[in-house]
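Protein sequences, first through last, are from chains A and B. My numbering applies: residue -13 is where the first sequence begins, and numbers increase by one. My numbering applies: residue -13 is where the second sequence begins, and numbers increase by one. Where is the CB? At the ideal position from N, CA and C, for every residue including glycine. Note that this is a predicted model, so its numbers are computed, not measured. Notes to accompany the following structure.
There are 2 protein chains.
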Amino acid sequence: MVGDALRLSVPLEHWQVIRRIPQARERGIPDATVARLPLYLRALNGLAERGTATVSSEDLAVAAGVNSAKLRKDLSHLGSYGTRGVGYDVQYLIYQISRELGLTQDWAVAIVGVGNLGRALANYGGFVSRGFRVAGLFDADPAVVGERIAGLVVEHADVLESVIKKRGVSIVVIATPATAAQEVCDRVIAAGVTSILNFAPVVLTVPDGVDVRKVDLSIELQILAFHEQRKASGGPMMGDEWPDGVVVVSERGAPLGEASQ
Amino acid sequence: MVGDALRLSVPLEHWQVIRRIPQARERGIPDATVARLPLYLRALNGLAERGTATVSSEDLAVAAGVNSAKLRKDLSHLGSYGTRGVGYDVQYLIYQISRELGLTQDWAVAIVGVGNLGRALANYGGFVSRGFRVAGLFDADPAVVGERIAGLVVEHADVLESVIKKRGVSIVVIATPATAAQEVCDRVIAAGVTSILNFAPVVLTVPDGVDVRKVDLSIELQILAFHEQRKASGGPMMGDEWPDGVVVVSERGAPLGEASQ
DNA sequence: CTGACTTTGTGCATCGCTTCACAAAGGCAC
DNA sequence: GTGCCTTTGTGAAGCGATGCACAAAGTCAG
């Protein structure tokens, strides 16, 4: 089904040449590129749904919200797909990017911490949709254990290690309060996990070889606030002075109660 | 109310000098730095809670999970706070970073889309804790409108514009399904909002002057999958072939190793 | 006051990513 | 085939971030 476009549009010889030159693909793909591949993939899926067969770098770039030169360079790191004068075969490119990202296989994901966020994640369709399968939900609170969410029964955090091994979980999502995050992190790593997606507002300490990605809601808001402030104070200087002479700490509300969560 | 620490360790003269030199602070702070400031802020709050009065760049860097040279350079963009031979006054630095990020004022935030994610966000303590106040919850589903969440009554999306203006909302969080996101986006921008945090898996199109930050759960997972695959395929080649036998790319059996990271 | 010690702030070399601009490659009409 | 048109893939320049290494600036003991 897929897999035809190529044979037609790119003679094998071509790549053999490519192959010989050590070049990009051989050694790692730039991180910045990897971070954008999922974006392209999403745009391509949108096009595919609308029945588009081929797409130019220009059009795809618009759909993905990036610059076309960047898109081409990104794709060139995967190999020389695409046909000059025509563009890229949508289905073929979807396959190639999926394979590169490792989405042609199924990843078992466990979610630890079934609070508001954990529930939202468990029910989030985007996970299941492409290559990811929620294989376990865990919480330390007995009141939550046993509850059925998104078709799964919440298990007690005590059995984390054994379940991870038994079900071949390779990616763990941490959605616990900040205080529990490091402990959970240590335990899943001990159980063999090397990829962690962390939603808790703490810096996790992990050994080499373990990948941690962090999603921090309040940090994003703070960055927005910075820009918003800049825009608002378009005028000359804003409160660039010390409040009244010399007040120091946050006078506002409280001593900044780090809302654990 | 609080506010002594500084007076002791940093004589006023000091910054007046700083103030005069146009230097870095005048023109924008690098984006990369802005993105890390919230991290430093969190680390500092942790230290403050433990009663630490001053901290060296080295220690703070460890707490924030960055390199100390980077930390010093980042802080130098704000001004010359810190005392050589001693370090930084924790309370003072908290105040300076908060001010720079615009957290000394209160930002009214509206959340549009009260599904699983919207609920999680509304209940997320991290928002309220520092400078952000949820001033409105909106949804288009009549079944949800009227419900009380985190002390707020969900309002119908129809009144979005008027409420935004009335309550002075300046930051909007979009947690709607992908299909509704662009419309919501257009409407809040028309109502004067220029800062948007988007959780919907779409690329929003906005006019110049509007800031959009995006948090995409499935993209993060896909990036993890990429690295996980790299690690797993430490062995020879994995499914590097085209489904039915046309060999496609790298036949090589080795390189790749490179724990890329 | 002097000298040893600590830690900041920054000049500089480097690195990686972005953007430009264009030659090379392919399609298509005739 | 030949020539024109479209679009890719990439060399090279530009730009911003990173990390090193050290002078400058401060503390502190005596």
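In this structure, does DSSP put residue i in helix, strand or coil?
| i | result |
| --- | --- |
| residue 17 of chain A | helix |
| residue 113 of chain A | helix |
| residue 125 of chain A | strand |
| residue 103 of chain A | helix |
| residue 133 of chain A | coil |
| residue 32 of chain B | helix |
| residue 185 of chain A | coil |
| residue 64 of chain B | coil |
| residue 144 of chain B | helix |
| residue 96 of chain A | strand |
| residue 198 of chain A | strand |
| residue 9 of chain A | At residue 9 of chain A, the pLDDT of 35 sits below 50, so the modelled position is not reliable and the matter cannot be decided from this model. |
| residue 70 of chain A | coil |
| residue 165 of chain A | helix |
On a CA-only basis, which of the options is nearest residue i? Give me that one, please.
| i | options | result |
| --- | --- | --- |
| residue 166 of chain A | A:39, A:52, A:100, A:208 | A:100 |
| residue 129 of chain A | A:198, A:142, A:121 | A:142 |
| residue 36 of chain B | B:43, B:169, B:49 | B:49 |
| residue 154 of chain B | B:120, B:196, B:194, B:82 | B:120 |
| residue 29 of chain A | A:168, A:187, A:179, A:79 | A:79 |
| residue 168 of chain B | B:55, B:98, B:73, B:22 | B:98 |
| residue 257 of chain B | B:205, B:176, B:118 | Since the first and last residues shown for chain B are -13 and 247, residue 257 of chain B lies out of range. |
| residue 39 of chain B | B:27, B:76, B:63, B:65 | B:76 |
| residue 178 of chain A | A:152, A:187, A:202, A:164 | A:152 |
| residue 71 of chain B | B:207, B:61, B:57, B:44 | B:44 |
| residue 55 of chain A | A:19, A:31, A:27, A:87 | A:19 |
| residue 196 of chain B | B:85, B:183, B:150 | B:183 |
| residue 112 of chain B | A:187, A:214, A:26, A:15 | A:187 |
| residue 148 of chain A | A:109, A:133, A:137, A:124 | A:124 |
| residue 198 of chain A | A:210, A:214, A:180 | A:180 |
| residue 214 of chain A | B:94, B:138, B:144, B:46 | B:94 |
| residue 137 of chain B | B:218, B:109, B:164, B:84 | B:109 |
Quick check: residue i and residue j, are their CB atoms within less than 9 Å of each other?
| i | j | result |
| --- | --- | --- |
| residue 96 of chain B | residue 157 of chain B | yes |
| residue 162 of chain B | residue 126 of chain B | yes |
| residue 212 of chain B | residue 200 of chain B | no |
| residue 175 of chain B | residue 192 of chain B | yes |
| residue 64 of chain B | residue 86 of chain B | yes |
| residue 131 of chain A | residue 146 of chain A | no |
| residue 208 of chain A | residue 107 of chain B | no |
| residue 102 of chain A | residue 31 of chain B | no |
| residue 16 of chain B | residue 202 of chain A | no |
| residue 14 of chain A | residue 216 of chain B | yes |
Could you name the residues of the same chain whose beta carbon sits closer than 6 Å to that of residue i, not counting the 5 residues immediately before and after it, in chain order?
| i | result |
| --- | --- |
| residue 116 of chain A | 89 |
| residue 164 of chain A | 186, 187, 188, 246 |
Please work out which residues of its chain come closer than 7 Å, Cβ to Cβ, to residue i, disregarding the five sequence neighbours upstream and downstream, and give them in chain order.
| i | result |
| --- | --- |
| residue 41 of chain A | 33, 73, 74, 76 |
| residue 22 of chain B | 52, 60 |
| residue 210 of chain B | none |
| residue 47 of chain A | 53, 54, 57 |
| residue 92 of chain B | 117, 119 |
When you measure from the CB of residue i to every non-hydrogen atom of the ligand ADP, does any distance come out below 8 Å?
| i | result |
| --- | --- |
| residue 73 of chain A | Here there are no bound small molecules, and the ligand ADP is not part of this structure. |
Residues in the same chain with beta-carbon distance under 8 Å from residue i, minus the five sequence neighbours each way, listed in chain order, please.
| i | result |
| --- | --- |
| residue 140 of chain B | 100, 123, 124, 125, 130, 131, 132, 133, 134 |
| residue 173 of chain A | 146, 147 |
| residue 82 of chain A | 64, 65, 67 |
Chain B contacts from the stretch 178 to 201 of chain A (Cβ-Cβ distance under 7 Å): 180, 181, 183, 187, 189, 195, 197, 199, 201
- Closer than 9 Å, Cβ to Cβ, to anything on chain A: give me those residues from the stretch 99 to 116 of chain B, in chain order. The residues in question are 101, 102, 103, 104, 105, 106, 107, 108, 109, 110, 111, 112, 113, 114, 115, 116.
- Item | Contact list for the stretch 129 to 160 of chain B against chain A, Cβ threshold 9 Å | Listed in sequence order: 156, 157, 159.
The stretch 51 to 63 of chain A: positions lying closer than 8 Å to chain B by Cβ:
Under the 8 Å Cβ criterion, the stretch 51 to 63 of chain A contributes 51.
Query raised in the report: Taking a cut of 8 Å between CB atoms, which residues from the stretch 27 to 41 of chain A lie near chain B?
Result: 27, 28, 29
**OP:** Taking only beta carbons into account, state which residues of the stretch 82 to 95 of chain B come closer than 9 Å to chain A, listed in chain order.
**Re:** 84, 85, 86, 87, 88, 89, 90, 91, 92, 93, 95
* To do: Closer than 7 Å, Cβ to Cβ, to anything on chain B: give me those residues from the stretch 202 to 214 of chain A, in chain order.
  => Residues passing the 7 Å Cβ filter: 203, 204, 205, 206, 207, 208, 209, 210, 211, 212, 213, 214.
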